[in-house]
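Just so we're aligned, residue 2 is where the sequence shown starts under the working numbering, counting upward by one.
Backbone N, C-alpha and C define an ideal beta-carbon position, used for all residues, glycine too.
Values in this document were obtained by computation on a predicted structure and should not be read as measured data.
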Amino acid sequence: YVNAAKEVVIQSLQNCNIAHFACHGISNVVTPSHSGLHLGTATKPSLLSVEELCDLSLHNAQLAYLSACSTAQNGDHGLINEILHVASSFQLAGFPQVIGNLWEVRDSVAKDMATDFYIRLQRKLANASGDLGDLMIVDTIHETIQARRVSTDGYDFLGWTSLVHFG
């Protein structure tokens with residue numbers, strides 16, 4: 002969905018296997034449970050928060066790709082040993098595999114990384130009779146990051162080092 006309302010997204014998550022978010026993410030240092038994903042439009046914005054995600058119980062979920070800034074960031078230094086961020090809330094909601102970003106990433110880099118990831122994943126799925134296994138996701142994200150590192154000769158490391166996998 003493009004510019005989807007929060008209610009539509011929450012309803013759609015109930016039946017999806019793979020969820021991809023390409024939006025803005027926010028890490029709330031003061032109240033980490035208010036971190037989340039900005040959804041909707043400029044005239045009707047909404048925040049899908051960590052708190053709301055943790056209340057979900059998704060049974061079909063397999064992979065959430067959060068192509069949004071700071072979705073794996075915990076900015077509260079008092080909780081530095083905790084895993085309270087947007088990516089972990091997707092795991093608590095039921096996604097066993099989550100890909101997120103540790104910090105802000107340029108849109109062009111995020112788009113390129115996601116495109117490469119899905120091309121590689123599609124190839125693997127075609128060769129594996131459609132079974133989305135845990136190691137398949139790990140291998141695919143690793144290959145995607147390595148390909149970006151090689152293609153930039155190690156430069157632009159803030160782009161490819163931000164992407165992390167949980168699961």
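For Gln12, the enclosing alpha helix (DSSP H) covers residues Lys7 to Leu14.
In the three-state DSSP reduction, Val30 falls in the coil class, being neither helix nor strand.
By the CB criterion at 7 angstroms, Phe22 and Ala88 fall outside the cutoff.
In the three-state reduction of the DSSP assignment, Ser36 falls in the coil class, being assigned neither a helical nor a strand state.
Of all C-beta pairs linking the segment 50 to 66 to the segment 16 to 34, three or more are shorter than 8 angstroms, placing the two stretches in contact. Residue range Gln98 to Asn102 is occupied by the beta strand (DSSP E) that includes Gly101.
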